[in-house]
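Novice:
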Amino acid sequence: MRVRSLLCGVLAAGALVTAVSAPVSAAEVPPGPYEIRSAFGGKCLDVAESAHENDAPVVQWTCLGAPNQAWEVAVSPAAPDMFEIRSVNSGKCLDVRGAALAEEAQLIQWDCTGSSNQRWRMVPGPGDTFALQVEHSGHCLAVLRDDPRDGAQAVQSHCSGKEQQEWRFARV
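Sequential numbering of the sequence shown, starting at 14, is according to this note's numbering.
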């Protein structure tokens, strides 16, 4: 079920902002697991092959309702204005591999350490979408080269406001 009401208050508040949308605060995100769905193709953020190990790639895949496509969004203990995004399947965090600053650096899962390459801002986008901006580089969650296929690698990319960097949260 899509959660249009997930952050209705946030969206309403976002409509009042005329220049740059303010990030979502922790108080505005209801707890619970979510599918994180691409606004571009509707596919889900997925830990490849349901892996439990560190360094497993995060990809996009057709939404199947599987545990490796379910994510907890929690306030980061290290930065209360940021979020950790944890795989329900493994308990590990969405992570920019090696804390790389480069464009198209790969996203993986890794033990949650509270480091800045695991802390994310939720920036309201059009409608019910959000850009996910990682703290350490300021880049946004995207799919490598806007590839629409299953298995396309999740990466960080310069925040552009394109639909390919917008995501919907659907409660599972």
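For glycine and all other residues, C-beta sits at the position ideal for the given N, C-alpha and C.
Out of Gln82, Asn102, Leu107 and Gly78, point me to the one whose CA is closest to Ser89's CA.
Specialist: It is Leu107 whose Cα lies nearest to the Cα of Ser89.
Novice: Rounded to a whole number of angstroms, what is the C-alpha to C-alpha distance between Leu19 and Pro43?
Specialist: Here the model assigns Leu19 a pLDDT of 40, short of 50, so the residue's position is not dependable, and the following value carries that caveat. So the two alpha carbons sit approximately 7 Å from each other.
Novice: At what residues does the beta strand (DSSP E) containing Val153 begin and finish?
Specialist: Reading off the sequence, residue 153 comes out as Cys, not Val. First-last of the beta strand (DSSP E) with Cys153: Cys153 to Val156.
Novice: Can you give me the C-alpha to C-alpha distance between Cys76 and Asp160, rounded to a whole angstrom?
Specialist: For Cys76 and Asp160, the distance between alpha carbons rounds to 16 Å.
Novice: What is the DSSP secondary structure of Ala112, reduced to helix, strand or coil?
Specialist: Helix at Ala112.
Novice: Who does Glu41 pair with in a DSSP beta bridge?
Specialist: Per DSSP, none; premise fails for Glu41.
Novice: CA-CA distance, Gly127 and Asp68?
Specialist: Their Cα atoms are separated by approximately 16 Å.
Novice: In the DSSP assignment, find the unbroken beta strand (DSSP E) run with Leu58 in it and report its ends.
Specialist: Per DSSP, Leu58 belongs to the beta strand (DSSP E) from Cys57 to Val60.
Novice: Which residue marks the beginning of the beta strand (DSSP E) containing Ala79, and which one marks its end?
Specialist: Run containing Ala79: none; DSSP gives neither H nor E here.
Novice: Assuming the contact rule is C-beta atoms closer than 8 Å, Phe189 and Trp133 should be a hit. Round their C-beta distance to whole Å, please.
Specialist: The structure shown does not extend to residue 189, since the chain is modelled only from 14 to 185, so the question has no answer here.
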